[in-house]
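A short write-up of the structure that comes next.
Numbering (this note's numbering), first residue to last: 371 to 564.
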């Protein structure tokens, strides 16, 4: 059973920006649980309330409506528009820093997630201090940083250093942006020309 929460806001509000007063309309949202069951943690695949999550923290959506979720059990989950949840990569409760395919891969407490126009998922692997890429088929590879080696260094691939990267975003040109919690800065990753 879906739990609905009606989130009501004022119809019209005003905001002062600089010297101008701007009026804008606020949209009311109706909230429903897409997947998982409130108050019931876990790591089970399934549709709607059958699925389980454990402290989900990062979320991103692709251009066809699939949702990607960083689950607190060191996994990346995929949720389709009907609420069907499947494991994309990682193994519940088995954290680490292993590149591989699907359940053979390991993440070290990931936080942020972003999706590019080709359906590749980028993960800010917080404790591993790396940036990981997950293909639509679940192949995981480390694209920046070196697992367990914190620091602050510009560079290509494993020469780059992060200190607890927390959030990640990707733009239409394929540039990656990383919010580095420990270094108090934003890194930009520019793809190499092919």
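Beta carbons are placed, not taken as given, at the ideal position from N, Cα and C, and that holds for glycine.
Just so we're clear, the structure is a prediction, and the values are computed from it rather than from any experiment.
Identify the continuous beta strand (DSSP E) that holds residue i and give its terminal residues.
| i | result |
| --- | --- |
| residue 546 | 546-550 |
| residue 399 | 399-402 |
| residue 492 | 491-495 |
| residue 445 | 445-449 |
| residue 558 | 555-559 |
| residue 539 | 535-540 |
Report yes if the C-beta distance between residue i and residue j is below 7 angstroms; otherwise report no.
| i | j | result |
| --- | --- | --- |
| residue 565 | residue 536 | The question about residue 565 has no answer, for the chain in this structure spans 371 to 564. |
| residue 405 | residue 453 | yes |
| residue 440 | residue 480 | yes |
| residue 477 | residue 444 | yes |
| residue 531 | residue 539 | no |
How big is the Cα-Cα spacing for residue i and residue j?
| i | j | result |
| --- | --- | --- |
| residue 505 | residue 490 | 5 angstroms |
| residue 494 | residue 458 | 16 angstroms |
| residue 381 | residue 396 | Bear in mind that a pLDDT of 36 at residue 381, under 50, signals an unreliable position, so the number given afterwards is only what the model happens to contain. Distance between the alpha carbons of residue 381 and residue 396 is about 5 angstroms. |
| residue 510 | residue 433 | 20 angstroms |
| residue 545 | residue 422 | 33 angstroms |
| residue 507 | residue 500 | 20 angstroms |
| residue 466 | residue 391 | 51 angstroms |
| residue 375 | residue 424 | Residue placement at residue 375 is poorly supported in this model, since its pLDDT is 36, which falls under 50; the coordinates are not used for a value here. |
| residue 496 | residue 429 | 15 angstroms |
| residue 512 | residue 460 | 13 angstroms |
| residue 515 | residue 550 | 12 angstroms |
| residue 554 | residue 529 | 19 angstroms |
| residue 502 | residue 533 | 15 angstroms |
| residue 492 | residue 561 | 13 angstroms |
| residue 371 | residue 400 | Because residue 371 sits at a pLDDT of 42, beneath the cut-off of 50, its placement in the model cannot be relied upon, and the point is left open. |
| residue 543 | residue 557 | 16 angstroms |
| residue 413 | residue 547 | 29 angstroms |
| residue 462 | residue 393 | 47 angstroms |
| residue 486 | residue 541 | 7 angstroms |
| residue 383 | residue 437 | Residue placement at residue 383 is flagged as unreliable, the pLDDT there being 45, under the threshold of 50; a coordinate-derived value is accordingly withheld. |
| residue 526 | residue 431 | 27 angstroms |
| residue 488 | residue 552 | 30 angstroms |
| residue 469 | residue 408 | 32 angstroms |
| residue 456 | residue 559 | 29 angstroms |
Q) Are the stretch 471-481 and the stretch 407-418 touching, with three or more C-beta to C-beta distances below 8 angstroms? A) Proximity of the stretch 471-481 to the stretch 407-418 falls short of the contact definition, fewer than three beta-carbon pairs being nearer than 8 angstroms.
**Q.** Cβ contact (3+ pairs, closer than 8 angstroms) linking the stretch 513-526 and the stretch 446-465
**A.** No: fewer than three Cβ pairs fall under 8 angstroms.
Q | Uninterrupted beta strand (DSSP E) stretches inside the stretch 476-525 (no shorter than 3 residues) | A | The stretch 476-525 contains these whole beta strand (DSSP E) runs: 480-485, 491-495, 500-504 and 509-514.
Q. What alpha helix (DSSP H) runs, 4 residues minimum, are completely inside the stretch 403-458?
A. You should have found no qualifying run.
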